[in-house]
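Enquirer:
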Amino acid sequence: SQTIHQWPATLVQPVGSPLSLECTVEGTSNPNLYWYRQAAGRGLQLLFYSVGIGQISSEVPQNLSASRPQDRQFILSSKKLLLSDSGFYLCAWRSVYRGSTGELFFGEGSRLTVL
Amino acid sequence: AQSVAQPEDQVNVAEGNPLTVKCTYSVSGNPYLFWYVQYPNRGLQFLLKYITGDNLVKGSYGFEAEFNKSQTSFHLKKPSALVSDSALYFCAVRAPNSNYQLIWGAGTKLIIKP
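Structure (structure tokens):
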């Protein structure tokens with residue numbers, strides 16, 4: 068069966084420090100991968116998605132970047148965090164196999180607090 | 002513009018009573034519709050989906066949802082609420098030819114009181 072791992076679960080960082088959140092998927096190949104941000108425990112904002120290694124689409128201009136160095140690895144980064152980067156970050160994957168209906172499967176999330 | 006609306010910010014239900022969480026959508030063509038649940042400080046869990054066929058779909062934890070094409074709605078229901086159903090619920094829709102991107106509702110907080 069497929070599983071998704073996301074870490075760290077909790078992170079407290081000072082303003083101006085770098086960020087790296089990592090997500091890996093097991094049990095599938097060539098998934099589509101997504102990074103979402105959830106502010107104030109409510110709506111989901113799509114930040115990045117990737118359809119393959121090295122292929123990143125950015126949905127929102129911001130202080131963050133994403134990379135996909137391996138098929139099942141997706142990394143969210145920042146060189147200098149802002150206070151507004153605080154939030155709950157969620158990684159998700161979707162199967163691209165024939166017959167897939169498009170539902171996403173989420174990791175457990177990473178809570179980032181920027182002070 | 003394509004959109005999903007969850008008109009209720011919060012729904013309060015007594016334990017044992019039926020519950021409904023509302024979702025309406027605006028997309029062109031025949032959509033795929035999804036419900037997710039999120040417990041505090043956790044990721045979203047997939048509950049159920051409507052793709053085609055029977056308008057009433059059953060999912061995890063005793064939840065079901067009814068697709069109504071004429072009203073463009075996909076309301077989530079459960080015959081008898083449990084306190085453990087208290088969580089944040091999201092409706093999402095994938096429009097045809099949308100490159101598989103989901104459009105998300107804002108979420109509805111469901112509170113089940115003992």
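From first to last, the protein sequence lines are chains L and P. Going letter by letter, the first sequence gives residues 68 to 182 in the working numbering. Going letter by letter, the second sequence gives residues 2 to 115 in the working numbering. Here a beta-carbon is modelled for each residue, glycine too, at the ideal position from N, C-alpha and C. Please read these numbers as outputs of a predicted model, since none were measured by experiment.
1. Against chain P, with Cβ distances strictly below 8 Å, would L:R104 count as a contact?
2. So if I threshold CB-CB distances at 9 Å, which residues from the segment 33 to 60 of chain P count as touching chain L?
3. Evaluate P:D10 with the Cβ neighbour count: other Cβ atoms within 10 Å of its Cβ, from every protein chain shown; 16 or more gives buried, anything less gives exposed.
4. Answer yes if the segment 14 to 30 of chain P comes into contact with the segment 103 to 113 of chain P, meaning at least three C-beta pairs across the two stretches below 8 Å, and no otherwise.
5. Within its chain, find whatever has a CB closer than 6 Å to the CB of L:S124; leave out the 5 residues flanking it on each side and keep chain order.
6. Assign L:L150 to one of three DSSP states: helix, strand, or coil.
7. Note down, in chain order, each residue of its chain lying with its Cβ closer than 7 Å to the Cβ of P:L88, except the 5 sequence neighbours on either side.
8. How would you call L:G121, buried or exposed, if buried means at least 16 neighbouring beta carbons within 10 angstroms?
9. If we ignore side chains and look at the alpha-carbon of each, how far apart do L:P81 and L:K147 end up?
10. Tell me whether L:V163 sits in a helix, a strand or coil according to DSSP, three-state version.
11. Tell me which residues share the same chain as L:Y103 and place their Cβ nearer than 6 Å to its Cβ, disregarding the 5 neighbours each side in the sequence.
12. Going by other Cβ atoms of all chains shown within 10 Å of its Cβ, with 16 needed for buried, is P:Y62 buried or exposed?
13. Would you say P:L103 faces chain L, with C-beta separation under 8 Å as the test?
14. Compare the C-alpha of L:S151 against each of L:P98, L:L78, L:V181 and L:S87 and name the closest.
15. What does DSSP give as the partner residue(s) for P:K110 in the beta ladder?
16. DSSP on P:V84, reduced to helix/strand/coil?
Expert: Put simply:
1. Residue-level contact by beta carbon fails for L:R104 and chain P, as no gap is shorter than 8 Å.
2. Hits within the stretch, in order: Y33, F35, Y37, Q39, P41, N42, R43, G44, L45, Q46, F47, K50 and I52.
3. Classified as exposed, P:D10 has fewer than 16 neighbouring CB atoms from the shown chains inside 10 Å of its CB.
4. They touch, by the three-pair rule.
5. The beta carbon of L:S124 is closer than 6 Å to those of Y116 in its chain, skipping five residues each way along the sequence.
6. Residue state for L:L150 is assigned as helix, using DSSP reduced to three classes.
7. It should be noted that the sequence gives Ala, not Leu, for residue 88 of chain P. If you ignore the 5 residues before and after P:A88, its C-beta comes within less than 7 Å of the C-beta of V38, Q39, Y40 and L111, all in its own chain and listed in chain order.
8. Answer is exposed; the Cβ neighbour count stays below 16.
9. Approximately 9 Å between the Cα atoms of the pair.
10. In the structure shown, L:V163 sits in coil (DSSP, three-state: anything other than H, G, I, E or B).
11. Its chain contains L111, L113 and L157 as the residues whose beta carbon lies nearer than 6 Å to that of L:Y103, once the 5 sequence neighbours on both sides are disregarded; these appear in chain order.
12. Exposed, since its Cβ has fewer than 16 Cβ neighbours within 10 Å.
13. Under the Cβ distance rule, P:L103 counts among the residues neighbouring chain L, one pair being separated by less than 8 Å.
14. When only C-alpha atoms are compared, the closest one is L:V181.
15. For P:K110, DSSP records a beta bridge to P:Q11 and P:L89.
16. In this structure, P:V84 counts as helix in the three-state DSSP scheme.
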